[in-house]
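Notes for the one structure printed next.
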Ligand SMILES: Nc1ncnc2c1ncn2[C@@H]1O[C@H](COP(=O)(O)OP(=O)(O)OP(=O)(O)O)[C@@H](O)[C@H]1O
Ligand SMILES: [Mg+2]
């Protein structure tokens, strides 16, 4: 197996039908490496979310190929795509999407539960994941009792607890103020650098640029620029292995 | 508690009003089915009360007799032929029929006379709570049930009235021998029964045969059949099921009860399906999130099925409580609702099936979820 966790080659994606048809991606080549935080930037409607969905096995490309951890998704059905997501991908959404009736710990534990990990051990792992994002005081709170930044940290703990190879975040700081946004980005950067995960962050927010190892600009469904970020890569992995 | 169960119960209890509506639907449905089926069982038991309490192995009946109350008659000489046969321990003629009872106030009310040869012990009054059954053999004595005291204008042992112009006297009182036809049973001696019902001396309604304990039952049955000529010979079990099917299905009463039960099941299923579907729709975003996180469809079905099962268990528990009150309330009525452990088990199974089936709509909706919608919001 090569270095890449996710590889996209000549990916095109058409959304909608008939008169409403939109050529959202028009030939994208992109690979995500472990230990690297990639920023995906571009104007509204340029295809950022569509690309993230294709890389995250939520959509299959209209043409071109996508491989996640060595598995091609071209011929996968819905259930097979779900399996690839379950095994390799963690998502962080702009609007958190926590379960309002479950506590922070239970929300995180759900990610293990769908993978067949139940019981005390799963609860313990979930609490550890929450501690890692600095929420040891809020483990039993319901999402309604948490601030936006705290909710997003629960969502990140949920995305990370099952130890995915790739973490995809769509505007994770979009709904947060500066300080909260910074701390979320720090956690995501630590995930990439400290735990050797591939992390892709879609953003509009220039304040997150300092955390990027690589910045990709997309316009109208095409990558128009790729440049290194402001971190000094290659970076040594921190000696904090993720406790699986 | 497992996380799926937690999630399922939170989904359910989150919207109290909807949960209450669901419970009302299930409880209404299960209680309705319980009452209908309980009436069915009660009715089925009641129509065979007399057969159950006769100590007969075989019944010799007029051809085509459909039930205990059948008014046709047979030749009583049959009794003498059968009584002397091998393997027969006793053969007792039974005379039954409608008659008129005149209260001391002069009012008339119909009664159903049951007359047997008490000395041979064929069909005696049972559940006797007062007086002495043996006294029936003397004079114009009768036994009646205390639930009919008002109707018959009497107050207990020693009370008097008239049947067909002949003075009678209550010598024994029973408890709980009720007729579904609401006509009171009056137990009398065989001779008196002929007088009260106008049955000729050479006829009887049936002959009750008891076999010796060591008799070859099959052989005895076929020998008696050979002797019976026009009359029919049935075992108690056959007679029981024949009366039951006559009253329950021949009259349409059973079909009506089943139709009521079916209606209950349909209404219950529709209500639960509706609430489960709308609950699922409300939580669609969460199910889509689960799907985005990579959950299998099976996991999501499990959440919905658990919701259905929680509904079933709680709904059934409430329904069983209400049902037991209804059962107690009807225990002393003309037609008690009979709820057996089997009926309860069947009702629980029905509730589970009903709730799970009603989850199908929700499941079909959930299958169509597109997890990508989670990113569009
Ligand atoms: N279901 C759909 N049917 C048709 N067109 C769609 C659909 N979803 C998105 N599009 C279009 O595809 C293009 C790319 O959309 P996408 O959501 O990927 O953009 P984006 O870069 O994420 O934008 P934003 O920054 O506003 O989130 C847009 O023109 C959008 O209108
Ligand atoms: Mg977008």
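Protein chains in written order, with full-length UniProt numbering: chain F, 1 to 244; chain Y, 1 to 377. Yeah, the Cβ is synthetic: ideal placement off N, Cα and C, and Gly gets one too. Treat the numbers as computed from the prediction; the structure is a model and nothing was measured.
Exposed is the label assigned to residue 345 of chain Y, since fewer than 16 other Cβ atoms lie within 10 Å of its Cβ. In the three-state reduction of the DSSP assignment, residue 309 of chain Y falls in the helix class. Relative to ligand 2, even the nearest heavy atom lies 7 Å or more away from the CB of residue 13 of chain F. Beta-bridge partners assigned by DSSP to residue 13 of chain F: F:25. Taking a cut-off of 5 Å from the heavy atoms of ligand 1, the residues with a C-beta inside it are F:15, F:16, F:22, F:24, F:44, F:45, F:46, F:47, F:48, F:49, F:50. A residue is called buried once 16 or more other Cβ atoms fall within 10 Å of its Cβ, and residue 204 of chain F, having fewer, is exposed. Between the C-alpha atoms of residue 199 of chain F and residue 36 of chain F there is a straight-line separation of about 6 Å. Residue 99 of chain Y: member of the beta strand (DSSP E) spanning 88-102, first to last residue. Within the same chain, 100, 102 come within 6 Å of residue 108 of chain Y by CB-CB distance, once the 5 residues on both sides are set aside.
In the displayed model, residue 118 of chain Y falls within a helix according to three-state DSSP. Contacts with chain F (Cβ-Cβ distance below 8 Å) from the segment 285-317 of chain Y involve 285, 286, 289, 290, 291, 292, 293, 294, 295, 296, 297, 299, listed in chain order.
Counting other Cβ atoms within 10 Å of its Cβ, residue 13 of chain Y stays below 16 and is therefore classed as exposed. Non-local beta-carbon contacts of residue 371 of chain Y in its own chain, meaning distances under 6 Å to residues more than five positions away in sequence, involve 288, 291, 292 in chain order. For residue 145 of chain Y, the enclosing beta strand (DSSP E) has its first and last residue at 141-145.
Note on residue 249 of chain Y: under 16 other CB atoms within 10 angstroms of its CB, so exposed under the neighbour-count rule. The Cβ-Cβ distance between residue 32 of chain F and residue 5 of chain F falls below 8 Å. DSSP places residue 73 of chain F outside both helix and strand once states are collapsed to three, so it counts as coil. Just so you know, the alpha carbons of residue 155 of chain Y and residue 104 of chain Y end up roughly 11 Å apart.
Listed by position along chain Y, the residues whose Cβ is nearer than 7 Å to that of residue 114 of chain F are 290, 293, 294, 295, 299.
Cβ neighbours of residue 5 of chain Y within its own chain (closer than 7 Å, five residues either side excluded): 306.
Taken from the Cβ of residue 220 of chain F, every heavy atom of ligand 2 lies 7 Å or farther away.
The beta carbons of residue 143 of chain Y and residue 187 of chain Y sit closer together than 8 Å.
In this structure residue 114 of chain F is in contact with residue 295 of chain Y, their Cβ atoms being roughly 4 Å apart against a cut-off of 8 Å. A distance below 8 Å between beta-carbons, with the five flanking residues on each side excluded, links residue 240 of chain Y to the following residues of its chain, in chain order: 48, 51, 52. Residue pairing for residue 91 of chain F: DSSP places it in a beta bridge opposite F:168. Taking 7 Å as the cut-off, one finds at least one heavy atom of ligand 2 near enough to the beta carbon of residue 170 of chain F. Residue pairing by DSSP places residue 227 of chain F opposite F:215 in a beta bridge. When the beta-carbon positions are compared, residue 45 of chain Y and residue 338 of chain Y come within less than 8 Å of each other. Exclusion of the five residues before and after residue 186 of chain F leaves 211 as the residues of its chain whose Cβ lies within less than 8 Å of its Cβ.
Residues of chain Y whose Cβ lies closer than 8 Å to the Cβ of residue 58 of chain F are, in chain order, 292, 371, 372, 375. By alpha-carbon distance to residue 116 of chain Y, the top candidate from Y:137, Y:130, Y:132 is Y:137.
The Cβ atoms of residue 20 of chain Y and residue 323 of chain Y lie no closer than 8 Å to each other. For residue 223 of chain Y, the enclosing alpha helix (DSSP H) starts and ends at 217-228. Per the coordinates, the alpha-carbon of residue 213 of chain Y lies some 12 Å from the alpha-carbon of residue 86 of chain Y.
Judged by DSSP in its simplified three-state form, residue 158 of chain F adopts helix. The DSSP-derived three-state label of residue 176 of chain F is coil.
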